[in-house]
Amino acid sequence: MSRPVVVAVEPGSAAEIAGLAPGDEVLSISGVTPTDVIAWQLLLDEADPTLEVVRDGHEIVMEIAKDAGVPLGAEVHAAIFDRVQTCDNHCEFCFIYQLPPGLRRSLYLKDDDYRLSFLYGNFTTLTRFTELDLERVLDERLSPLYVSIHSTDPVVRARMLRNPRGATSLRWLSALLDGGIEVHGQVVVCPGVNDGQVLADTLAGVLDRYPSLATLAVVPLGVSSHQREPAMRPHTAAEAAAVVDMCEQWQQHYLDVLGRRLVFAADEYYLLAGRPFPAAETYGDFPMHEDGIGMAQAFSQEFWAAAEGTSGGRGGHDGCDSGLRVDDRGSDGGIRQRAPAAGFFSWVDGAPAQGYRAVRVPGHGANRSGEIDLDGLPLSLGSTPKPVSVTLRTSPRRGPSTTSRPTDGEPANRPIGILTGTYGAAVLAPLVKRWRFEATSREGGSITSVPEARVIEVPNQFFGGNIGVTGLLAGVDVAAVLASAPPGHRYLVPDVCLSGGKFLDGMTPAELPRPVEIVPTNGSALRELLDAAAGAQSAAALPSGTSPAGSLTSRTAGVSR
Ligand code: SF4
């Protein structure tokens, strides 16, 4: 078992005062060897922990002086210190099997680990879940978790997972729900396998057996050109429409019986079927945003709300690799568009420990209150504790854009090209077109005072097949598009394409044939960037000495939706 290795220490923190340093390997905390970052945080949440560390081959004991609930101020190299629980299923639709050769080895690892479900929102099939795991989940209130259901018919589920335990492992789902754990479910639909009547039976089975399930995401399988399963194929438009119809019918049924919609079809189904997206209110606070459910509407809300200074939209991944998110991976065959906190396959390259910190509940010990803070905590080392229990999942990103290459000194009014995947282009193009129309109207119809902004679709040749999600764009495909794009423009690349500063194929933005700006994958960031460009252009068009006050940025407040 590897042990946690310190990679950063916050200046002035308890860790620094005690002498902890990057490179230190932590053998134990107060006599206990942590197996993952969850245990790490809980142990360090107590007052005055004792650390046994190895430095340069020598063992050192450190007495840390700190109060309970105060952060230690140290980051470690990974989230799981013992072995990641790997998957023993062999699903036909598994996206891991459809990856092209030559990628980083870690990308081919099939995980089915409830800890990664809790930490990253990875889906687990529970086929390797044990009584001990259940005990820990309930004891430490590791909630929410994400479970791949696929079918409530034991025979169908076992066949889909190619694992006899698939027939029985949903008993753990019942136990988790009975224990008060919030669970989000997923069905990856494979046409001809678990659509049609099988899907209808599954939706009825959920109502019958798992009515306290928080949500159920119905997502289509992803089929890359590297897949070798003859029975697996993309949905037709008619099949996509049938899934949408069934989900909407069952939404109403759930609403009548449970008082909530529970099931949602992925955005991709609406795109495939050529149907308008449901109203934003349908999605509530967008609990399945990261699974590609309501992502288009959330992005749109963020985009238009950004001008009004309000927050738009919303508030997991598929470790089991059964679904692709429209903005993230999902190694199973479903396609969703997700705005992940750390990018595609976020956990496999070494989980950033700065995203996790246990918070002590006064009088209850660490994380024993049963409360779960889903809003996310400050992610920095110096996070201020909040009087709630542990929060381990990172919150959706919003923040300033970063730039892969400096663009200072370039004219502000350069045309803007927004690069995105096929599905992203379908969502973004109407938004940008309308933004430009409204901006031009406000500028008295002067097209020259509003910067040119266009959406550039990047076809996914790297994976091929029906893969159109932005989070699966490879550097080589982005490079191919940019190579024929005019120089001198601003090119925006959503940060969901990158993990650790690299595209999935290992390319870096600096290797692209044109300079690009890496921007957060959300509507407000894009809107703010466009408005800033328009404001700069308006200011540049004013006579010398004229105040730019009242330019587009300020006047867009009140844009109607
Ligand atoms: S789809 Fe998920 S459960 Fe199935 S084989 Fe792949 S990783 Fe395992």
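Residues 133 to 693 in the numbering used here are what the sequence shown lists, from first letter to last.
Note that the Cβ used here is the ideal one computed from N, Cα and C, for glycine as well.
Subject >> Three-state secondary structure (DSSP) of residue 388 >> reply: Against the sequence shown, residue 388 aligns to sequence position 256. Note: residue 388 maps to helix in three-state DSSP.
**OP:** For residue 603, name the three-state secondary structure that DSSP assigns.
**Re:** Your numbering for residue 603 matches position 471 in the sequence shown. In this structure, residue 603 counts as helix in the three-state DSSP scheme.
Original post:
How would you call residue 646, buried or exposed, if buried means at least 16 neighbouring beta carbons within 10 angstroms?
Top reply: Translated into the one-based positions of the sequence shown, residue 646 becomes position 514. Answer is buried; the Cβ neighbour count reaches 16.
Subject >> Three-way DSSP call (helix, strand, coil) for residue 421 in this model >> reply: As a first step, residue 421 must be located in the sequence shown, where it is residue number 289. Note: residue 421 maps to helix in three-state DSSP.
Subject >> Unbroken stretches of the beta strand (DSSP E), 3 residues or longer, contained in the region 331-374 >> reply: 347-352
Original post:
Sorry if obvious, but does the Cβ on residue 221 come closer than 7 Å to a heavy atom of the ligand SF4?
Top reply: Stepping through the sequence shown from its first residue, residue 221 is reached at position 89. Yes.
Original post:
In the structure shown, what three-state DSSP assignment does residue 397 receive?
Top reply: Sequence index remark: in the sequence shown, residue 397 carries index 265 (1-based). Of the three classes helix, strand and coil, the one that applies to residue 397 here is strand, per DSSP.
Original post:
When burial is assigned at 16 or more other CB atoms within 10 Å of the CB, is residue 262 buried or exposed?
Top reply: The residue given as residue 262 occupies position 130 in the sequence shown. Burial call: exposed.
Original post:
Got a sec: does the ligand SF4 put a non-hydrogen atom nearer than 7 Å to the Cβ of residue 322?
Top reply: Position 190 of the sequence shown, counting from 1, holds the residue named residue 322. No, the Cβ of residue 322 stays beyond 7 Å of every heavy atom of the ligand SF4.
Original post:
Can you list the beta strand (DSSP E) stretches of 3 or more residues lying completely in the region 181-262, in chain order?
Top reply: 182-187, 190-195, 206-208
Original post:
By how many angstroms is the C-alpha of residue 334 removed from the C-alpha of residue 340?
Top reply: Residue 340 sits at position 208 when you count from the first residue of the sequence shown. Residue 334 sits at position 202 when you count from the first residue of the sequence shown. Each residue's Cα considered, the two are about 10 Å apart.
**OP:** Output yes or no for whether 8 Å exceeds the beta carbon distance between residue 275 and residue 313.
**Re:** Working through the sequence shown from its first residue, we reach residue 275 at position 143. Working through the sequence shown from its first residue, we reach residue 313 at position 181. Contact: yes.
Original post:
Does the beta-carbon of residue 352 have 16 or more other beta-carbons within 10 angstroms, so that it is buried, or is it exposed?
Top reply: For this step, residue 352 is matched to residue 220 along the sequence shown. Its Cβ being crowded by 16 or more others within 10 Å, residue 352 is buried.
Subject >> Best match in 661, 636, 167 for proximity to residue 622 [C-alpha to C-alpha] >> reply: Position 490 of the sequence shown, counted from the first residue, corresponds to residue 622. Answer by Cα proximity: 661.
Subject >> C-beta atoms of residue 601 and residue 553 nearer than 8 Å >> reply: To locate residue 601, count along the sequence shown from 1; it is residue 469. To locate residue 553, count along the sequence shown from 1; it is residue 421. Yes, they are a contact pair.
Original post:
Just how far apart, CA to CA, sit residue 138 and residue 299?
Top reply: For the purposes of this step, residue 138 is identified with residue 6 of the sequence shown, where counting begins at 1. For the purposes of this step, residue 299 is identified with residue 167 of the sequence shown, where counting begins at 1. If I take the Cα positions, the gap works out to 42 Å.
Subject >> Contact check, residue 338 vs residue 284, beta carbons under 8 Å >> reply: Here the question's residue 338 lines up with position 206 in the sequence shown. Here the question's residue 284 lines up with position 152 in the sequence shown. Yes. Within cutoff.
Subject >> Rounded separation between residue 372 and residue 428 - CA only >> reply: Numbered from 1 along the sequence shown, position 240 holds the residue referred to as residue 372. Numbered from 1 along the sequence shown, position 296 holds the residue referred to as residue 428. If you take the alpha carbons of residue 372 and residue 428, they lie about 17 Å apart.
**OP:** Tell me, to the nearest whole angstrom, how far the beta carbon of residue 435 is from that of residue 655; I am working on the premise that it is less than 8 Å.
**Re:** Locating residue 435 in the sequence shown gives position 303, where the first residue counts as 1. Locating residue 655 in the sequence shown gives position 523, where the first residue counts as 1. The Cβ separation is near 3 Å, so the contact holds.
Original post:
Quick one: what does DSSP say residue 168 is sitting in, helix, strand or coil?
Top reply: Residue numbering aside, residue 168 sits at position 36 when the sequence shown is read from its first letter. Here residue 168 sits in strand by DSSP.
**OP:** Compute every distance between the C-beta of residue 244 and the non-hydrogen atoms of the ligand SF4, then say whether any falls below 7 Å.
**Re:** In the sequence shown, residue 244 corresponds to position 112, counting from 1. Checking every heavy atom of the ligand SF4 against the Cβ of residue 244, one is found closer than 7 Å.
Subject >> Span separating the alpha-carbon of residue 187 from that of residue 246 >> reply: As a first step, residue 187 must be located in the sequence shown, where it is residue number 55. As a first step, residue 246 must be located in the sequence shown, where it is residue number 114. Going by the C-alpha atoms only, they are around 32 Å apart.
Original post:
Once you ignore the five residues that flank residue 179 on each side, which residues in its own chain have a CB closer than 7 Å to its CB?
Top reply: By one-based count along the sequence shown, residue 179 stands at place 47. Cβ neighbours of residue 179 beyond the five flanking positions: 198, 199, 200.
Original post:
So what does DSSP say about residue 277, is it helix, strand or coil?
Top reply: To locate residue 277, count along the sequence shown from 1; it is residue 145. Residue 277: strand per DSSP, three-state reduction.
Original post:
Among residues of its own chain, excluding the 5 on either side of residue 192, which ones have a beta-carbon nearer than 6 Å to its beta-carbon?
Top reply: For the purposes of this step, residue 192 is identified with residue 60 of the sequence shown, where counting begins at 1. If we look at residue 192 and ignore the five residues flanking it on each side, its Cβ neighbours are 185.
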